[in-house]
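Protein chains in written order, with our numbering: chain A, 333 to 668; chain B, 297 to 652.
Yeah, the Cβ is synthetic: ideal placement off N, Cα and C, and Gly gets one too.
Please read these numbers as outputs of a predicted model, since none were measured by experiment.
For reference, the structure discussed in these notes is given below.
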């Protein structure tokens, strides 16, 4: 132990950069394997865009777990509900979406996304009050209750919208690619990356630069201490839960547009991917979740390009590899 | 008492209920001749064993696994693929068992060592991920598994419905291969359930319950919790694979919908919760109630949906449509976790002991 004088600045926490370098290294290592530069750029952009979308969906889940030790197996429901709610605006206004004007398209997309976020957020409120609140602190029952919630939500979507896949074409101005030299970059991927970055920066700023963010981070590390200091962490938690659900709804809209279709089973399907991401990232860590999402997307894209057969199990292999290296995920923030 | 491993039902109503179920199952081929009744009875037997093995995990160790259908599927596919490729001979059945059981155990060992070592909370998520990967794998490797169509196969001569062992004129009842298969399923399932009862009442089972109640304390007492949990996981996987084999033998078919789908996982969860977690007997009750409801209530739902549609009610026909069976299941599931966490068996035992 070193002696510190009162005037010395506090020692800076050590920065752990190895996980940050991981996606960069992975992308660089892939250059010789992929071969041509143009396909490498396309693949990398595709992974970044996909990673950002997964991050948007997963961020809420990891915070909810970190803050309150609540494992929400029904998180996928918010994704599907968000996508379905967005179709309420996008399908009737399909005419203005097909007009070749970026601003007109965005004027329809933005309210659809906002409505989806609002609906998912409200659903989050209901789920927290009805399903999560009664089984606080009991992992087993939480898992059972939220799994039941996912099933009910999925079946309600089937009952209300029918079992068929709803096609959701991209707006005219977001279709096609930007061509730079011999590199083609899909326009929608650029938008997805932009939205993902904005969300990431907003979350990081909120967590690191505001009082609420400070409380959330403190709550993740030691909930009882925050309660002892007189803060109502339950209310904070409800806020985080609703924000996380709303973000999942936003992610659902973006994912639906990316795949150009909406289906009730999309929530359940994506849940698996999201779980892998938050396990890789370390439960409760936003930066870990971000890196995890990028890694999962990269493995999916590069893997799908190089060895299509492997793509089925590549996520599991990635998870195994990461957990061998760091058994509690890239950044272990919680003591649990 | 010996055969129940010193763990009787401990409730008069429950004992009567169990005896009635078991007698009904044993007498089904005589009492209710007909394909449907025997199908339902065989399904109850298979699921009772499968659910009991899941109860070992959920009820006795308190860890939620979503990979149980994977082991069930491994068992089903092992038998199906062996009989499909080797032809309807007993050697093929033996091969299926000899390949399927070790495969299930090894996979369970790998998952257990990998995910139970880190943190118990990972287990649920890791099993979900692995199971979904396996499901995709099974539908993709169509040269082996038949893809979405699955594999249909012929049973060995002795077990075929056409094989008449004792003709109807002799005892007033035809003992054919189908009935023989049914009793094979019944006896195998009963043996597996009794074995599980033995496991949970052994010192090993007590340690599992200790881990469920307080893992930290169990560890402090010197038990290697990871070893115990992984071991329990392997036993559960073995029995699940066994149940899967019975399922394949009974259906003469193995496919993604009958042995791997997430719906079956949900059914298992519901049966455990309805019957009562941590009781083993709950599996028999839960499976009986659930399978009977599934087979006979769905028709009722269809009728109700039709009636609602005829009455011109909005939304209700869609909600009551037989395809929306899962919706009500999900609601029932949430309600039973919330209101009856101890299930039917827990309720009956509680009512019995309250009178004393």
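- For residue 486 of chain A, the nearest CB of chain B lies under 9 Å from its own CB, placing it at the interface with that chain.
- With a threshold of 9 Å between beta carbons, residue 412 of chain A makes no contact with chain B.
- The alpha helix (DSSP H) runs lying completely inside the region 410 to 441 of chain B and spanning 4 residues or more are 416 to 436 and 438 to 441, given in chain order.
- Rounded to the nearest whole angstrom, the CA to CA distance from residue 349 of chain B to residue 365 of chain A is 46 Å.
- In terms of Cβ geometry, residue 388 of chain A and residue 579 of chain A form a close pair [threshold 9 Å].
- Between the alpha carbons of residue 335 of chain B and residue 642 of chain A lies a distance of about 39 Å.
- Chain B has a Cβ within less than 9 Å of the Cβ of residue 603 of chain A.
- With contacts defined by Cβ atoms closer than 9 Å, residue 586 of chain A and residue 460 of chain A do not form a contacting pair.
- Excluding the 5 residues flanking it on each side, residue 548 of chain B has same chain C-beta neighbours closer than 8 Å at 448, 449, 450 and 451, in chain order.
- Within chain B, the C-beta atoms nearer than 8 Å to that of residue 475 of chain A come from 360 and 420, in chain order.
- Scanning chain B for C-beta atoms nearer than 7 Å to the C-beta of residue 607 of chain A yields 421, 424 and 425, reported in chain order.
- Each of B:644, B:508 and B:580 was checked against the Cα of residue 337 of chain B, and the nearest Cα belongs to B:580.
- Sequence-distant Cβ neighbours of residue 378 of chain B in its own chain, meaning closer than 6 Å and more than five residues away, are 388, 391 and 392.
- Within the region 539 to 609 of chain B, the complete alpha helix (DSSP H) runs of at least 4 residues fall at 552 to 555, 558 to 571 and 577 to 606.
- Less than 9 Å separates the beta-carbon of residue 569 of chain B from that of residue 633 of chain B.
- By the Cβ neighbour-count rule, residue 462 of chain A is exposed, with fewer than 16 other Cβ atoms within 10 Å of its own.
- Under the Cβ criterion of 9 Å, residue 642 of chain B is not counted among the residues facing chain A.
- For residue 363 of chain B, the secondary structure class from DSSP, reduced to helix, strand or coil, is coil.
- Using a C-beta cut-off of 8 Å, the region 608 to 625 of chain B makes contact with the region 482 to 489 of chain A, since at least three inter-stretch Cβ pairs fall below that distance.
- Inclusion of residue 562 of chain B and residue 628 of chain B in the CB contact set at 9 Å is not warranted, their separation being larger than that value.
- The alpha-carbon separation between residue 475 of chain A and residue 617 of chain A amounts to approximately 21 Å.
- Listed along chain B, no residue sits closer than 7 Å to residue 640 of chain A by beta-carbon distance, the nearest being about 10 Å off.
- DSSP places residue 349 of chain B inside the alpha helix (DSSP H), whose first and last residues are 331 to 351.
- With the criterion set as a beta carbon lying under 8 Å from some beta carbon of chain A, the members of the region 606 to 619 of chain B are 611, 614, 615, 617 and 619, in sequence order.
- Going by C-alpha positions, residue 317 of chain B is about 8 Å away from residue 584 of chain B.
- Counting along the chain, residue 409 of chain A sits inside the alpha helix (DSSP H) bounded by residues 407 to 422.
- With respect to chain B, the C-beta atom of residue 495 of chain A has a partner C-beta closer than 9 Å.
- Scanning its chain for C-beta atoms nearer than 7 Å, with the 5 sequence neighbours on each side dropped, one finds around residue 614 of chain A the residues 620, 660, 661, 662, 663, 664 and 665, in chain order.
- In this structure, DSSP gives residue 447 of chain B an extended state, which the three-state scheme calls strand.
- Annotation for residue 460 of chain B: the continuous beta strand (DSSP E) segment containing it runs 460 to 462.
- Taken through DSSP and simplified to helix, strand or coil, residue 355 of chain A comes out as helix.
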